[in-house]
Amino acid sequence: MRVACTAWQVRPDPGTPLAANDHLDPGWDGRVLAELAQIADVLDEVEAALVAVLARFAGYGDRFRAALDAGRITDPRDSCHQVWFELHEDLIATLGITRH
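In the working numbering, the protein residues as written are 29 to 128.
Given below as structure tokens:
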């Protein structure tokens with residue numbers, strides 16, 4: 029997930045390894061979006077298991093897919109990374125885990 033989100037934001041070029049992705053290379057973006065789509069499929073399964081225990085976990089998969097669709101038209105309002113991060117924070121809080 030982290031690698032795919034980074035690849036969406038950063039597209040290295042020969043002189044600039046941390047160059048911002050200007051989204052002008054459809055091949056690069058297509059590969060990243062395909063990887064994020066595979067992650068969305070896994071997230072659907074994870075969400076189903078979580079919702080079976082706590083209904084409030086519903087919706088992360090839909091938001092992730094909406095962000096993925098928005099990424100296809102380069103709309104950054106609710107990014108895949110943001111949705112994933114919020115799910116991660118929700119899980120940490122639910123489990124009572126503290127970050128160090």
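Cβ atoms here follow ideal geometry from the backbone N, Cα and C, with glycine treated the same way.
| query | Relative to the C-alpha of residue 63, which residue among 43, 127, 115 and 93 is closest? | reply | By 1-based counting over the sequence shown, the position of residue 63 is 35. Comparing Cα positions, the closest option is 93.
| request: Out of 116, 117 and 100, point me to the one whose CA is closest to residue 54's CA. | output: For the purposes of this step, residue 54 is identified with residue 26 of the sequence shown, where counting begins at 1. When each option's Cα is compared against that of residue 54, the closest is 100.
| In this structure, does DSSP put residue 90 in helix, strand or coil? | The residue labelled residue 90 in the question sits at position 62 within the sequence shown. Helix at residue 90.
| request: Tell me, please, which residues DSSP counts as bridged to residue 48. | output: Working through the sequence shown from its first residue, we reach residue 48 at position 20. According to DSSP, residue 48 bridges with 38.
| Are residue 32 and residue 41 closer than 8 Å when you measure CB to CB? | In the sequence shown, the residue the question calls residue 32 occupies position 4. In the sequence shown, the residue the question calls residue 41 occupies position 13. Not in contact: residue 32 and residue 41 (Cβ atoms no closer than 8 Å).
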